[in-house]
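Only one structure is covered here, and it is reproduced in the block below.
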Amino acid sequence: MSQTPSKRQLKTQANYNLVLDTAITLFNERGYDQTTMSDISKATGLSNGSLYHLFESKDEILRQIYYRNINISLGLTNNIEEKIADPYKYLLEFMLNTQELWQRTGPMMLINKYRWVSSRTMMGCSPIQREELLAFISLAQKAGTISQKSDPASTVEFIFTLQRGLLYGWTSRDDFDLVKYSKIFWPPVIRALIKGTLAISDRDESEN
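Whatever position you read off the sequence shown (first residue = 1), add 1385 for my numbering.
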């Protein structure tokens, strides 16, 4: 039986979220390098001591924004047996939802990714979402609702590589409408993967 959080624990959690939400705003408005821990302290109303008790540095705040806002489950594998009957609907929803997570945190998260993420958890995906997508595609292929012409793991890499391209466009061009281009771009790609007219293999086709 889980214990009810104490008032102190609830206050700590509230301050934790306050700092992350405030940091997202400041990092996007001023820039990561231009924002100091003192700026965050003043904006939240917390003392420097209280802030450093929660987070030891700006990099730690950036990491925690990622773990709270980006590296989370989107529920693709919930009720998976039902969802694989309509893979187009749920794959499109999944890709649009992952991009929305990045939009909510703003471009500063992508711009500063090199500070703390590995190449496997770079922009455009997270380990949790990667595993969800791999499980979904693998099971849908077994069920026959997605073509088996593509290798599941290679397909996941392909999809997130394409998404990184969209996100780079969003961060580098002021006139780039991420929502618009995503809705134009993803439907034909997903349909082609499902039908097998686009096959992603782990083999080096240049050797043939």
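Don't be surprised by glycine CBs; every beta carbon is placed ideally from N, CA and C.
Measure the Cβ-Cβ separation of residue i and residue j and say whether it is below 7 Å.
{"i": "Ser1454", "j": "Thr1490", "result": "Here the sequence assigns Asn to residue 1454, which means Ser is not the residue at that position. Against a cut-off of 7 Å, the Cβ pair of Thr1490 and Asn1454 comes out as a contact."}
{"i": "Leu1495", "j": "Thr1420", "result": "no"}
{"i": "Asn1669", "j": "Met1493", "result": "Coverage of the chain is limited to positions 1386 through 1593, which leaves residue 1669 absent and any answer about it impossible."}
{"i": "Trp1571", "j": "Met1422", "result": "no"}
{"i": "Cys1510", "j": "Phe1545", "result": "yes"}
{"i": "Ala1584", "j": "Ser1535", "result": "yes"}
To the nearest angstrom, how far is it from the Cα of residue i to the Cα of residue j?
{"i": "Asp1559", "j": "Lys1392", "result": "44 Å"}
{"i": "Val1574", "j": "Gly1554", "result": "18 Å"}
{"i": "Val1404", "j": "Asn1456", "result": "18 Å"}
{"i": "Pro1512", "j": "Glu1466", "result": "22 Å"}
{"i": "Asp1562", "j": "Lys1468", "result": "29 Å"}
{"i": "Gln1488", "j": "Thr1582", "result": "31 Å"}
{"i": "Ala1525", "j": "Arg1415", "result": "45 Å"}
{"i": "Ala1528", "j": "Ser1586", "result": "20 Å"}
{"i": "Pro1537", "j": "Arg1576", "result": "15 Å"}
{"i": "Arg1549", "j": "Thr1410", "result": "23 Å"}
{"i": "Val1547", "j": "Gln1388", "result": "A quick correction: the sequence has Leu, not Val, at residue 1547. Cα to Cα, Leu1547 sits roughly 44 Å from Gln1388."}
{"i": "Ile1569", "j": "Pro1390", "result": "46 Å"}
{"i": "Lys1565", "j": "Asp1406", "result": "26 Å"}
{"i": "Gln1394", "j": "Tyr1452", "result": "20 Å"}
To which residues of the same chain is residue i closer than 8 Å at the C-beta, ignoring the five residues directly before and after it?
{"i": "Ser1567", "result": "Met1480, Leu1481, Gln1484 and Leu1551"}
{"i": "Leu1497", "result": "The amino acid occupying residue 1497 in the given sequence is Asn; Leu does not appear at that position. Same-chain partners within the cutoff: Phe1412, Tyr1417 and Leu1447."}
{"i": "Ser1400", "result": "The sequence shown places Asn at residue 1400, rather than the Ser named in the question. So the list reads Thr1429, Leu1431, Ser1435 and Leu1439, once near-sequence residues are dropped."}
Keeping to the same chain, check which residues put their C-beta closer than 6 Å to that of residue i; ignore five residues upstream and five downstream.
{"i": "Asn1433", "result": "Ser1426"}
Using only CA atoms, which one of the options lies nearest to residue i?
{"i": "Leu1486", "options": "Asp1471, Gln1514 and Arg1500", "result": "Gln1514"}
{"i": "Gln1533", "options": "Ile1409, Ala1408, Thr1410 and Ile1579", "result": "Ile1579"}
{"i": "Val1541", "options": "Gln1388, Glu1516 and Val1564", "result": "Glu1516"}
Using a Cβ-Cβ cut-off of 7 Å (strictly less than) and excluding sequence neighbours within five positions of residue i, which residues of its own chain qualify?
{"i": "Ala1470", "result": "Thr1530"}
{"i": "Arg1500", "result": "Asp1444 and Leu1447"}
{"i": "Ala1408", "result": "Ile1425, Ile1446 and Ile1450"}
{"i": "Thr1506", "result": "Bear in mind that the predicted position of Thr1506 carries a pLDDT of just 48, short of 50, making it unreliable; the figure below should be weighed with that in mind. If we look at Thr1506 and ignore the five residues flanking it on each side, its Cβ neighbours are Pro1512."}
> Three or more C-beta pairs closer than 8 Å, one from the stretch 1457–1469 and one from the stretch 1515–1528: is that the case here?
Replying inline: yes
>> Three Cβ pairs or more, each shorter than 8 Å: is that satisfied between the stretch 1472–1479 and the stretch 1431–1444?
In response: no
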